[in-house]
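Counting the sequence shown from 1 gives a position; the working numbering is that position plus 2.
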Amino acid sequence: MEISSPAFEHQQMIPRKYTCEGDDISPPLFFKNIPEKTQSLSLIIEDPDAPRGVFDHWIVWNLAGTTQSLEEGADVPKQGKNGFNVSYYRGPCPPPGKPHRYFIKVYALDIALNLPEGSSKKSLLDAMEGHILGEGELIGIYQR
């Protein structure tokens, strides 16, 4: 399974538009080679370089299993609480200094998940256990 963005290449800079210094909207994403029998997709965007450990920016589940793309600023079915304690996309906003990596991970699942809006990333990961058919990863970089 593959994930890409027309806005930036793998391991390249994320445009300011998708960060706290810009419009703070989610970037456009493309999904390819989705496994057969996929019932839903989940998406996690996280910053492993945050000063206090991994910081979550977007937690999404129950995208249709046939989803091949998300437009920028996409409206999605279910979202979990991120590191900002809100249930919607918040873009990169690292402290000034070194560049941070942002891991955008997509998971193909053999079920739709029964999780309430605002669930934690841990709850999502626990619910996905044993149901992952495939996954893909795109890494973007941002520095202030």
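No residue lacks a Cβ here, since even glycine has one placed at the ideal position from N, Cα and C.
Everything numeric in this text was worked out from a predicted model, so none of it was measured.
Best match in the options for proximity to residue i [C-alpha to C-alpha]
i: tyrosine 1; options: Pro29, Leu65, Glu23; result: Residue 1 is absent from the structure shown; the chain starts at 3 and stops at 146.
i: leucine 72; options: Met15, Leu31, Leu117, Leu126; result: Leu31
i: phenylalanine 10; options: Arg146, Ala76, Tyr104, Asp77; result: Tyr104
i: alanine 101; options: Ser7, Gly132, Gln14, Ile113; result: In the sequence under discussion, the amino acid at residue 101 is proline, which differs from the alanine named in the question. Nearest C-alpha to proline 101: Gln14.
i: serine 121; options: Gly142, Asp112, Tyr90, Ile141; result: Tyr90
i: histidine 133; options: Gly99, Leu115, Ile141; result: Leu115
i: alanine 76; options: Thr68, Gly67, Val62; result: Val62
i: isoleucine 141; options: Pro79, Ile46, Cys22, Asn35; result: Ile46
i: isoleucine 36; options: Pro79, Arg146, Met3; result: Met3
i: aspartate 25; options: Asp128, Arg92, Gly55, Thr68; result: Arg92
i: serine 125; options: Thr21, Ser44, Pro50, Pro79; result: Ser44
i: tryptophan 60; options: Arg54, Val78, Thr68, Asp51; result: Val78
i: alanine 52; options: Gly99, Asp128, Thr68; result: Gly99
Collapsed DSSP secondary structure at residue i in the structure displayed
i: serine 1; result: In this structure the chain extends from 3 to 146, so residue 1 is not present and cannot be described.
i: tyrosine 90; result: coil
i: methionine 3; result: coil
i: lysine 34; result: strand
i: arginine 146; result: coil
i: alanine 9; result: coil
i: serine 44; result: strand
i: leucine 117; result: coil
i: lysine 19; result: helix
i: aspartate 128; result: helix
i: lysine 80; result: strand
i: lysine 107; result: strand
Integer Cβ distance of residue i from residue j, believed to fall under 8 Å
i: tyrosine 144; j: proline 97; result: Wrong, their Cβ atoms sit about 11 Å apart, outside the cutoff.
i: glycine 136; j: isoleucine 5; result: 11 Å between Cβ atoms; not a contact.
i: glutamate 74; j: proline 118; result: Incorrect: roughly 27 Å between the Cβ atoms, too far for contact.
i: lysine 123; j: aspartate 58; result: 5 Å
i: phenylalanine 33; j: glutamine 81; result: That belief does not hold up - the Cβ atoms of phenylalanine 33 and glutamine 81 are roughly 18 Å apart, past 8 Å.
Cβ-heavy atom distance, residue i to the ligand FMN, below 7 Å
i: glutamate 23; result: As far as ligands go, the structure on display features none, and thus does not contain the ligand FMN.
* Asked: Are the region 32–40 and the region 82–93 in contact at 8 Å, needing three or more beta carbon pairs?
  -> With fewer than three CB-CB distances shorter than 8 Å, the region 32–40 does not count as touching the region 82–93.
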